[in-house]
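A short write-up of the structure that comes next.
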Amino acid sequence: MIAAVAENNALGKNNDLLWHLPNDFKRFKEVTSGHHIIMGRKTFESFPKPLPNRTHVIITRQKYFQHEGCIVVDTLEKAIAACPKNEDIYIIGGGEIYTQSIPFADQLDITRVHHSFDADVYFPEINPGIWELTSETFNPKDEKHLYDYTFQTFTRKK
Numbered sequence: 001m002i003a004a005v006a007e008n009n010a011l012g013k014n015n016d017l018l019w020h021l022p023n024d025f026k027r028f029k030e031v032t033s034g035h036h037i038i039m040g041r042k043t044f045e046s047f048p049k050p051l052p053n054r055t056h057v058i059i060t061r062q063k064y065f066q067h068e069g070c071i072v073v074d075t076l077e078k079a080i081a082a083c084p085k086n087e088d089i090y091i092i093g094g095g096e097i098y099t100q101s102i103p104f105a106d107q108l109d110i111t112r113v114h115h116s117f118d119a120d121v122y123f124p125e126i127n128p129g130i131w132e133l134t135s136e137t138f139n140p141k142d143e144k145h146l147y148d149y150t151f152q153t154f155t156r157k158k
């Protein structure tokens, strides 16, 4: 799973992000390029167009939703089954998909935005009994980034 998450676990509001962090976008692109990315329909619709160099797997309950070049399914299980077996796949949101997916994930790539926001979509709690923080890199705010943020990687404990 990969997500940018505020201190209060906020992800977004009105199907939009709450912050603009160019280095987070750059990291997201580097990590997910060349891979299958799984998302809910609303997350997909928040993009101006499909993201280049990635295979989009969209989960929706809308029976007739289709998008050229994308795989469309109606459950998380079907989304995972549509992806190659021995390759990294990334769950990219939104909140409901993250909540459904966290029991299946083996790694969480989190950009922790050091601020709290009013939101209508939240990331699930990261349980320290299940997840071990294996790396983190702090980044201070600057002229392009309004907030301090930390890149964190959590790995599921064995």
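Read in order, the letters of the sequence shown correspond to residues 1 to 158 in UniProt numbering.
For every residue, glycine included, the Cβ atom is placed at its ideal position computed from N, Cα and C.
Bear in mind that the values here come from a model prediction, so they are computed numbers and not experimental data.
For THR60, the closest of ILE38, PRO52 and ALA81 by C-alpha to C-alpha distance is ILE38.
Sequence-distant partners of THR99 (beyond 5 residues in either direction) whose C-beta falls short of 8 Å from its own C-beta, in its chain, are PRO124. The shortest CA-to-CA distance from CYS70 to any of GLY129, GLY40 and ILE2 is the one to GLY40. One alpha carbon belongs to ARG54, the other to THR111, and they sit about 20 Å apart. Secondary structure of LEU18 (DSSP, three-state): coil. Distances from the CA of PHE154 to each of GLN66, SER135 and GLU143 were compared; the closest alpha carbon is that of SER135. In terms of Cα proximity to HIS35, the closest of GLN62, LYS63 and GLU87 is GLU87. Taking a contact as a CB-CB distance under 8 Å, the pair ALA3 and PHE117 does not count as one, their CB atoms being some 14 Å apart.
In this structure, DSSP gives THR60 a state outside helix and strand, which the three-state scheme calls coil. The continuous beta strand (DSSP E) containing GLU136 extends over residues 131 to 139.
ASN15 sits close to LYS42, with the two beta carbons spaced by under 8 Å.
Note on TYR90: 16 or more other CB atoms within 10 angstroms of its CB, so buried under the neighbour-count rule. Counting only runs that start and end inside the stretch 86 to 116, the alpha helix (DSSP H) elements of at least 4 residues fall at 95 to 101. Collapsing the DSSP output to three states places ASP24 in a helix. By alpha-carbon distance to LEU18, the top candidate from LYS157, THR150 and ASP120 is ASP120. Between GLU132 and the set HIS114, ALA105 and ALA79, the nearest pair of CA atoms involves ALA105.
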